[in-house]
Amino acid sequence: MEKLVITGGTPLKGEVTISGAKNAAVAILPATLLINGICRIENLPNISDVKLYCEILEKIGAKITWITKNEITIDTRDICCTKAPLDITRKFRASYYLIGSMLGRCKNVQVGLPGGCNLGARPIDQHIKGFEALGANVEVTQGNITASAKKLVGTSIYMDIVSVGATINVMLASVLAEGTTIIDNAAKEPHIVDVANFLNTMGADIRGAGTDVIKINGVKELKGGSTYSIVPDQIEAGTFMFAAMATKGDITIKNCITKHLESITAKVIEMGGTVEESGDTLRIKCTKRPNKANIKTLPYPGFPTDLQPQAGVVLSIADGTSTINESIWESRFQYTQELCKMGAKITAQGKSAFFEGVKSLSGAPVCSTDLRAGAALIIAGIAANGKTEVYNLEHIDRGYENIEEKFRSLGAKIERVSE
Ligand code: EPU
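First residue of the sequence shown: 8, per this note's numbering; consecutive thereafter.
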């Protein structure tokens, strides 16, 4: 078992470069199944979710060549199987994108139903509603989901809930459908635009991604032959912004799209930080104890749920009492119990948490309960006095590339240790 051992108390200073977006990568990889050809993907984050997705794609006949650790070519001409490996897909949330892409490509698919997750209930009713509207027959039995169709025909689909996954999945299923599909009340996250841009580069006709109405004109084939570079990770950039705030640091974040970070920049300024923007670079500086602030998570362009725990660390040491309202996930405050082990004073009740800011945190052994909770605990460990040990690193490795090396390059005293 591995753990991170952090000796806290160092303000983070220096430059860090952001990797490609995890949540775009885990949608673009299955999207390659819609291509009858070879494409090249650059700026692919080197994280365990990406490696697992590549393994799944290889099992169903894709040929993947790693050019560098962040660049692959993928040949999807010989997709030979409509049954994705059930054991792997069941463990892995983003495997639901195989339903949209394989339904689009083969009109038939079976995957393990994306299983338990520690953010609360994660239904996929809106995905299923979309596939059925396009003409698919969808069955959920014994932990598997099977979808098949004689043909898929474009139609208008109104999403009852703004869902990232359902928007992307319906987009994937409709790219090769007959006629036009309209997704109304679509999610607008940067990775939705990125998946649409990827598919359009390969020959799809998708308009309006990034607004709440997406129009997909079905095309006969996606040919590949092109190169696509994945968008920088908005959430990784935000993680370093809050790390600067929590440690009274001065961090220059390179390779980010500052427009994607507006809701985060606004909170950083409210918390008393300064933000200097220049092209694709942001410099975040904090010279005093952060101010209290209230946060409500919302779909993009609102404040992202995936940065809620990292912002929570800053509020735990802010001057005054702050509230976070989590409006996306039922159960995303498990990290607060870990922060309390480090001396934080937080009361979580349902979808709200109240942070009575303390002057400082003290190091302690803590467990990462999910990916973003893990990132938050690393920030807390760097900000705290004394030694922190962070366990359950498999969550963190799913979504952050070289996280301890990046923090170390900013001056953090952090080591990965095998027990
Ligand atoms: N929902 C439904 N029915 C559906 C789909 C969603 O009720 O059919 C509900 C969910 O239960 C939730 C809300 O709608 O309350 C939004 O869920 P969404 O579908 O947008 O989430 P997701 O696609 O499953 C993605 C990210 C999450 C991120 C959310 C929200 C990926 C692989 N995952 O999940 O990322 O929190 O969008 O932005 O893209 C993470 O990276 O740490 C992470 C959890």
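The C-beta atom is built at its ideal place from N, Cα and C for all residues, glycine as well. Quantities reported herein were computed from a predicted structural model and do not represent experimental measurements.
According to DSSP, residue pairing for V397 in a beta bridge involves L11 and V373.
P130 sits in coil when the DSSP states are folded into three classes, being neither helix nor strand. Taking 7 Å as the cut-off, the beta carbon of I48 is found closer than this to the beta carbon of I79. Beyond the five residues adjoining it in sequence on each side, A318 comes within less than 7 Å, by CB distance, of F249, K274 and I302 in the same chain, given in chain order. By the neighbour-count definition (other C-beta atoms within 10 Å, threshold 16), K70 is an exposed residue.
Of the heavy atoms belonging to the ligand EPU, at least one sits nearer than 6 Å to the Cβ of S170. The Cβ atoms of L51 and N77 sit closer than 7 Å to each other. Y165 counts as exposed, since fewer than 16 other C-beta atoms from the protein chains shown sit within 10 angstroms of its C-beta. In this structure A371 is not in contact with K352, their Cβ atoms being roughly 14 Å apart against a cut-off of 8 Å.
For L141, no alpha helix (DSSP H) run applies, since DSSP gives it neither H nor E.
Check the Cα spacing between M252 and each of R405, L322 and T312: the tightest is with L322. In this structure, I152 sits near L120, with a CB-CB distance shorter than 7 Å. DSSP, reduced to helix, strand and coil, places E62 within a helical segment of the structure shown.
In the structure shown, T83 adopts coil according to DSSP, grouped into three states.
Counting C-beta pairs with one atom in each stretch, the stretch 385 to 397 and the stretch 11 to 26 have three or more that are closer than 8 Å, which means they touch. In the DSSP assignment, K20 is bridged to D257. For Y104, the enclosing alpha helix (DSSP H) covers residues Y104 to C113.
Taking a contact to require three or more Cβ pairs closer than 8 Å, the stretch 110 to 119 and the stretch 135 to 155 qualify as touching.
For P197 against Y307, the beta-carbon gap comes to about 7 Å, under 8 Å, which counts as contact. Going by DSSP, K352 is part of the beta strand (DSSP E) stretching over K352 to Q356.
Taken atom to atom, the span from the alpha-carbon of K114 to that of I63 is near 18 Å.
Under a 10 Å Cβ-count criterion, T281 is classified as exposed, with fewer than 16 other Cβ atoms of the shown protein chains found around its own Cβ. Short of 7 Å from the beta carbon of G68, and not among the five residues preceding or following it, lie these beta carbons of its own chain, in chain order: D85, I86, C87 and C88. By the criterion of at least three beta-carbon pairs nearer than 8 Å, the stretch 339 to 346 is in contact with the stretch 355 to 371. At a cut-off of 6 Å, the beta-carbon of D313 counts as near the ligand EPU: some heavy atom of the ligand is closer than that. Inclusion of L141 and T83 in the CB contact set at 7 Å is not warranted, their separation being larger than that value. If you look at S359, you'll find it in the beta strand (DSSP E) that goes S359 to E363.
Unbroken beta strand (DSSP E) runs of no fewer than 3 residues, entirely contained in the stretch 313 to 341, are found at 328 to 332, following chain order. A buried status is given to S26, since no fewer than 16 other beta-carbon atoms sit within 10 Å of its beta-carbon. In the DSSP assignment, A101 falls outside any alpha helix (DSSP H), carrying neither H nor E. For N53 and E269, the gap between their C-alpha atoms comes out near 26 Å.
Rounded to the nearest angstrom, the gap between the Cα atoms of Y235 and A38 is 12 Å. Of all C-beta pairs linking the stretch 16 to 23 to the stretch 211 to 231, fewer than three are shorter than 8 Å, placing the two stretches out of contact. In this structure, I189 keeps its C-beta atom at 7 Å or more from the C-beta atom of T174. Between D240 and A34, the C-beta gap is not smaller than 7 Å, which leaves the two residues out of contact. By DSSP's assignment, L229 forms a beta bridge with I42.
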